[in-house]
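Heads up, the thing below is written out as structure tokens.
There are 2 protein chains.
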Amino acid sequence: MQAVPPALERLITDFQKLPGIGQKTATRLALYLLRRPAAEARTLAESLAALHGSIQLCSRCFTFSETDPCAICGDPRRNERLVCVVEEPGDLMVIEKTGAFRGLYHILHGVLSPMDGIGPDELKIRELLERIRQGGIDEVLLATSSTVPGEATASYLMEILHQAPVRVTRLACGIPMGMDIKYADEHTLARAIETRQRMGE
Amino acid sequence: MQAVPPALERLITDFQKLPGIGQKTATRLALYLLRRPAAEARTLAESLAALHGSIQLCSRCFTFSETDPCAICGDPRRNERLVCVVEEPGDLMVIEKTGAFRGLYHILHGVLSPMDGIGPDELKIRELLERIRQGGIDEVLLATSSTVPGEATASYLMEILHQAPVRVTRLACGIPMGMDIKYADEHTLARAIETRQRMGE
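Have a look at this one:
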């Protein structure tokens, strides 16, 4: 389009490749940066260029890290007998923010999805079994999402860990904190009733 | 946070400086790029770094351009007797996409906003008057938004152009195309009734 200078057009095209960013948002972001001092676009450019260079996967839990082992696996204050299994490094970050978990992690890097050709071999499941085989782990907390593929992955892990000398647990499902039950969906409400907890526990 | 490698943290922080991008979206974008081949982040970095270097303001209409005059001002097929006044270069891009306008543009680079200290001198209004003074313009189409500051800016321009030898027009306001009038807001509906058009015109 005649109205858009090529350098601007190129940035808009590149922004659009990011997930959840359509043409309108891409245009808005690019025009915003163009109106701001050049240093702001340059800073973002430098952060992007430096991203992959310094980050690798922790060889123990497979999260993104600049060190190996990562800061969590290398922290002696963490409880290494408890391992939380998550889908993605982003899930680890969300759980860390709660401050409610002091064990270690294991990142699967995906969920089982036969339709997309993602079976157990595409995930870090063999590595999880190897960690358990080496011993020293009492409990494996399955913290995959409560989506259909997340539940299927948890069920699969539950099954193959059946014989392992560890306790296998799952994140509790139920009404979100602070939610009026009028607004809870029926599946969540049914699950909350089935897994109801004794007061004071 | 221990869980986030510094290079990732830095990119998340930089993404958050963009308008409409909160911490969750910034984290999602950064993790997405980290999972993708390094070349994708690098391409985006290069587009960002190149952005300001090649783009300047057209000295005639003040849009962003790699040439001066810009491609539109320099196009002899455009009708230079008709000038469309818009708030931002992004508005020009939206109007160009419609293909319904074949005149030239004038970018104000903002709207009047006394609360934010933006008066006529902060916008390219003096330059607009100078273009009109030089002659050759028959019509000025005020295409600022139909927001309160956009309307105020249009009213101000209408007033100072009152004596100028040009016809001053405004974008029509009314029911959006394809909208059921049940869903139109009452101000728009009232305006559409007031400015009703004779069928077949």
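The listed protein sequences correspond, in order, to chains A and B. Heads up: the first sequence at position 130 corresponds to 130 in the UniProt record's numbering, and the numbers run straight through without jumps. Heads up: the second sequence at position 92 corresponds to 92 in the UniProt record's numbering, and the numbers run straight through without jumps. C-beta atoms are modelled at their ideal positions from N, C-alpha and C, and glycine is treated no differently. The structure displayed is predicted, hence computed values, not measured ones.
My understanding is that residue i touches residue j, with C-beta atoms under 8 Å, so please give their C-beta distance in whole angstroms.
i	j	result
Cys84 (chain B)	Phe62 (chain B)	Incorrect: roughly 13 Å between the Cβ atoms, too far for contact.
Thr188 (chain B)	Ile175 (chain B)	7 Å
Leu141 (chain B)	Ala154 (chain B)	About 10 Å separates the two Cβ atoms, so there is no contact after all.
Ala152 (chain B)	Leu112 (chain B)	5 Å
Thr169 (chain A)	Glu122 (chain A)	Incorrect: roughly 25 Å between the Cβ atoms, too far for contact.
Leu11 (chain A)	Ala30 (chain A)	5 Å
Ala49 (chain B)	Arg42 (chain A)	6 Å
Ala3 (chain B)	Leu92 (chain A)	6 Å
Gln16 (chain A)	Ala26 (chain A)	4 Å
Ile95 (chain A)	Val86 (chain A)	7 Å
Residues bridged to residue i by DSSP?
i	result
Tyr105 (chain A)	A:Cys84
Ile160 (chain B)	Paired residue(s): none; Ile160 (chain B) is not in a bridge.
Glu9 (chain A)	Bridge partners of Glu9 (chain A): none, in fact.
Leu140 (chain B)	Before going further, note that residue 140 (chain B) is Val rather than Leu in the sequence given. Paired residue(s): B:Val83 and B:Val168.
Ala47 (chain B)	According to the sequence shown, residue 47 (chain B) is Ser rather than Ala. Answer is none; Ser47 (chain B) lacks a bridge partner.
Ser155 (chain B)	For Ser155 (chain B), which the question treats as bridged, DSSP gives no partner whatsoever.
What is the DSSP secondary structure of residue i, reduced to helix, strand or coil?
i	result
Ile132 (chain B)	helix
Gln56 (chain A)	strand
Arg196 (chain B)	coil
Asp185 (chain B)	coil
Val148 (chain B)	helix
Leu123 (chain A)	coil
Phe62 (chain B)	coil
Arg170 (chain A)	strand
Gly99 (chain B)	coil
Met115 (chain A)	helix
Lys17 (chain A)	coil
Pro176 (chain A)	coil
Asp91 (chain A)	helix
Arg191 (chain B)	helix
Leu34 (chain B)	helix
Thr67 (chain A)	coil
Ala3 (chain B)	coil
Arg42 (chain B)	helix
Arg78 (chain B)	coil
Does any residue of chain A have a CB that is nearer than 8 Å to the CB of residue i?
i	result
Arg102 (chain B)	no
Pro5 (chain B)	yes
Thr27 (chain B)	yes
Met177 (chain B)	no
Leu11 (chain B)	yes
Asp180 (chain B)	no
Ala143 (chain B)	no
Leu92 (chain B)	yes
Asp14 (chain B)	yes
Leu8 (chain B)	yes
Met1 (chain B)	Because the pLDDT at Met1 (chain B) is just 49, under 50, the model does not fix this residue reliably, and the point stays unresolved.
Comparing the C-beta of residue i with each C-beta of chain B, is any distance below 8 Å?
i	result
Ala152 (chain A)	no
Pro19 (chain A)	yes
Glu96 (chain A)	yes
Problem set entry | Interface residues of the region 41-71 of chain A facing chain B [CB-CB below 7 Å] | Ala41, Arg42, Thr43, Leu44, Ala45, Ser47, Leu48, Ala49, Ala50, Leu51, His52, Ser54, Ile55, Phe64, Ser65, Glu66 and Ala71
Problem set entry | the region 106-137 of chain B: positions lying closer than 8 Å to chain A by Cβ | Listed by position, the residues of the region 106-137 of chain B near chain A (Cβ gap below 8 Å) amount to none.
Exercise. The region 69-90 of chain A: which residues have C-beta closer than 9 Å to a C-beta of chain B, in chain order?
Worked result: Cys70, Ala71, Ile72, Asp75, Glu88, Pro89 and Gly90
Problem set entry | Short-range partners of chain A found in the region 150-174 of chain B, where Cβ spacing is below 7 Å | none
Exercise. What are the residues of the region 179-198 of chain A that lie near chain B, defined by any Cβ-Cβ distance shorter than 7 Å?
Worked result: none
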